[in-house]
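Engineer: Residue numbers (this note's numbering): 2 to 664.
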């Protein structure tokens, strides 16, 4: 991002050339008649400055400087312009050309100084150059000064009509910037940190992507010509090791880019132009982590890819939703954002255009879904902003609706075209590619602190594996998470083919995890996370018990009042899972066992536990389960699983169990 934009210099040079056409006829001959007409008009409006009175020796220096600028020989151009100004300090064109050169080099302070010098020498001659002067002021973040200049240009009846048209566009961007500052304040301290020589090289690096714990980073590095290579580095302590090409055969294909790694580090998604397996132009591919490197890429298929361009994939932390950009027909214009959801069979559903909330007539691309699975960043040239393409953020609400995208503001967004940005799991650190003063060459990767208002919500993550309790093999399964306090389903997750899962949860709540798989007893447990810190990752492996005679399952969310056998409503969720288990396995017979702590007499405890087990059976029968498949028994305090000397131990002993008695 922030790469040199030749169109910026062309705008400047076209305006300036209208004033002194005699110095550039050598390469502007086809525009000669137009330039002559405009030039005579401008000279006649000058207060006192006459370009033809500039000494011929100085004109020769200046002509050489202009040629050097056209050839990109910046140092030679600077030397010639400085020499010309030493001889003739009031050489207005030289000051204005100096401003254009520094602006192209993004040395905005020097550009502003040069424009000011030229304007102070002759404000009438330099009037139309108020436009690039204002752009460079905006490059410094002085949007008030930029707007004052542009207003002066627009309000001057002698300003060139085409220049005024361009100025009105810039006027809107300055007004946007000032309104943004008024709403969010001005971020005074912005110091992007170059990731250094272990990451950046003399080539361009871009499209960084991280795992949820930041332990692995992958990115794209420009090779020779159009070649792009995938690069990987791992974190040791607080630093990343020397980046090297990713393992495996992926880099054998030169035509690829836009890499993204899944939060668990198991998948790589990227765009590739592979003639032997593609639908046309760039498609999105998936590669799996293996012990020997990354697998051969797999085309995501016709529900995602088309004969048009698809790129910049971003996968949700649960690997169930894919965001990407495409210029396929039927969109809003240019490149649009699309989303595809993973089906139960592992394939990807038909891609859906994300609609006018996101997509504009300009290019909308580079989506990045944060680890919270609720915050989406992307780049757009069509939403209100600072000019060119900016980075925006949108958040998904409880009903699945996305908020109106919001510009994340200066100084992350600037007058230049911004590219992709990602935000680490902690929500405070962002990464992007930029062509800054300390670049090792081309685009380098940088980190910076994200403004508070643009950060994701604080979250925590749980990852683990669902596995067979006997043979320890991973099991593809469905996981349901509910908030205990409200009973609301927060998320439904399908594990991958080996049973691995990763879920993102809002902080400050306790949750119930339930796992179902045919042929196994379901799993249900409480995760008391309300007091746990945000931005933390927890691991929980979930063993599922194969259904067999005498296998048992503790029902951990069956609730009764003290000394009561009336079921509390909070018990129904888990009991409904038992109902589903029995319906899925129509020959299954079970016994419900009740247990208590040692408070009270043994006889009263046996009676209480027996009545509680009976209440559970009654609920199951009320849901359509044949009573003959069910039995119950109370054991009182005779079978403790913990010491009754502590309250924690007593709570563990007050339990309800399910035991398989027949199949």
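From the three backbone atoms N, C-alpha and C, an ideal C-beta is built for every residue, glycine too.
Run through DSSP, which three-state label would residue 664 get?
Structural biologist: coil
Engineer: Whole angstroms is fine: what's the gap from residue 94's alpha carbon to residue 116's?
Structural biologist: 10 Å
Engineer: For residue 430, which of 193, 189 and 121 has the nearest alpha-carbon?
Structural biologist: From the listed residues 193, 189 and 121, the smallest Cα separation to residue 430 is found for 193.
Engineer: Rounded to whole angstroms, what's the CA-CA distance from residue 230 to residue 557? Just pull it up for me.
Structural biologist: 51 Å
Engineer: Please report the straight-line C-alpha distance between residue 627 and residue 633, rounded to a whole angstrom.
Structural biologist: 14 Å
Engineer: Check whether the stretch 449–457 touches the stretch 246–261, counting contact only when three or more Cβ pairs, one atom from each stretch, lie closer than 8 Å.
Structural biologist: For the pair of segments examined, the stretch 449–457 was found not to touch the stretch 246–261: the number of CB pairs separated by less than 8 Å stays below three.
Engineer: Can the beta-carbon of residue 637 be found closer than 7 Å to that of residue 610?
Structural biologist: yes
Engineer: Do residue 114 and residue 144 have their beta-carbon atoms positioned less than 7 Å apart in this structure?
Structural biologist: no
Engineer: Please give me, in chain order, every unbroken run of the beta strand (DSSP E) with length at least 3 that falls completely inside the stretch 425–489.
Structural biologist: 430–435, 445–450, 460–469 and 479–484
Engineer: How big is the Cα-Cα spacing for residue 244 and residue 197?
Structural biologist: 11 Å
Engineer: Looking only at C-alpha atoms, which of 137, 118, 514 and 235 sits nearest to residue 488?
Structural biologist: Considering only 137, 118, 514 and 235, the residue with the shortest C-alpha distance to residue 488 is 514.
Engineer: According to DSSP, which residues form a beta bridge with residue 359?
Structural biologist: Beta-bridge pairing links residue 359 to no other residue.
Engineer: Tell me the DSSP secondary structure of residue 611 in three-state form.
Structural biologist: helix
Engineer: Please name the residue in 178, 351 and 464 whose C-alpha comes closest to that of residue 1.
Structural biologist: In the structure displayed, the chain extends from 2 to 664; residue 1 sits before or after that span and is not available.
Engineer: For the 8 Å Cβ check, are there 3 or more pairs between the stretch 260–271 and the stretch 308–322?
Structural biologist: yes
Engineer: Would you mind giving the Cβ-Cβ distance between residue 1 and residue 596, rounded to the nearest angstrom? I have them listed as a contact below 8 Å.
Structural biologist: Because the chain here runs from 2 to 664, residue 1 falls outside it and cannot be looked at.
Engineer: For residue 360 versus residue 391, is the C-beta distance shorter than 7 Å?
Structural biologist: no
Engineer: Alpha carbon to alpha carbon, how far is residue 222 from residue 405? Give it in angstroms, no decimals.
Structural biologist: 33 Å
Engineer: Relative to the alpha-carbon of residue 199, which residue among 188, 232, 189 and 173 has its alpha-carbon at the smallest distance?
Structural biologist: 232
Engineer: If I measure Cβ to Cβ from residue 458 and keep anything under 6 Å in the same chain, skipping five residues before and after, which residues do I get?
Structural biologist: Excluding sequence positions up to five before and after residue 458, its CB lies within less than 6 Å of the CB of 373, all in the same chain and listed in chain order.
Engineer: Quick check on the DSSP output: the beta strand (DSSP E) that includes residue 283 runs from which residue to which?
Structural biologist: Residue 283 -> no beta strand (DSSP E), and no H or E assigned at all.
Engineer: Near residue 33, what residues of its chain come up, given a Cβ to Cβ distance below 6 Å and the 5 sequence neighbours on each side ignored?
Structural biologist: Caution applies to residue 33, whose pLDDT of 27 falls short of 50 and renders its modelled position unreliable; the model cannot decide the point.
Engineer: Under 7 Å Cβ to Cβ from residue 382, same chain only, skipping five residues before and after it: list those, please.
Structural biologist: 363, 364, 389 and 390
Engineer: Spell out a yes or no on whether the stretch 587–604 and the stretch 568–575 are touching, meaning 3 or more CB-CB pairs, one atom from each, closer than 8 Å.
Structural biologist: No, because fewer than three Cβ pairs between the stretch 587–604 and the stretch 568–575 fall closer than 8 Å, the two stretches do not touch.
Engineer: When the distance is taken between beta carbons, is residue 137 closer than 7 Å to residue 120?
Structural biologist: no
Engineer: Among residues of its own chain, excluding the 5 on either side of residue 170, which ones have a beta-carbon nearer than 6 Å to its beta-carbon?
Structural biologist: none
Engineer: Excluding the five sequence neighbours on either side, which residues of its own chain have a C-beta within less than 8 Å of the C-beta of residue 447, listed in chain order?
Structural biologist: 193, 194, 195, 196, 432, 433, 434, 435 and 437
Engineer: Determine the burial state of residue 401: buried for a count of at least 16 other Cβ atoms within 10 Å of its Cβ, exposed for fewer.
Structural biologist: Looking at its Cβ environment, which holds fewer than 16 other Cβ atoms inside 10 Å, residue 401 is exposed.
Engineer: Straight-line CA distance for residue 44 to residue 240?
Structural biologist: Because the pLDDT of residue 44 is 39, which lies under 50, any placement of that residue in the model is unreliable, and the number read from its coordinates should be weighed accordingly. Using only the alpha carbons, I get a separation of about 60 Å.
Engineer: Would you report the Cα separation of residue 578 and residue 412, rounded to the nearest angstrom?
Structural biologist: 52 Å
Engineer: Near residue 345, which residues of its chain fall below 8 Å by C-beta distance, leaving aside the five closest residues on each side in sequence?
Structural biologist: 495
Engineer: Smallest Cα separation from residue 102: which of 246, 73, 502 and 85?
Structural biologist: 73
Engineer: Quick one: complete alpha helix (DSSP H) runs, 4+ long, within the stretch 92–123?
Structural biologist: 93–105 and 109–122
Engineer: Is the Cβ-Cβ distance between residue 479 and residue 517 less than 7 Å?
Structural biologist: yes
Engineer: Going by beta-carbon coordinates alone, are residue 665 and residue 554 separated by less than 7 Å?
Structural biologist: Nothing about residue 665 can be reported from this structure: the residues present for the chain run from 2 to 664 only.
Engineer: I'd like to know whether the C-beta atoms of residue 1 and residue 318 end up nearer to each other than 7 Å.
Structural biologist: Absent from the model: residue 1. The displayed extent of the chain is 2 to 664, so no value can be given.
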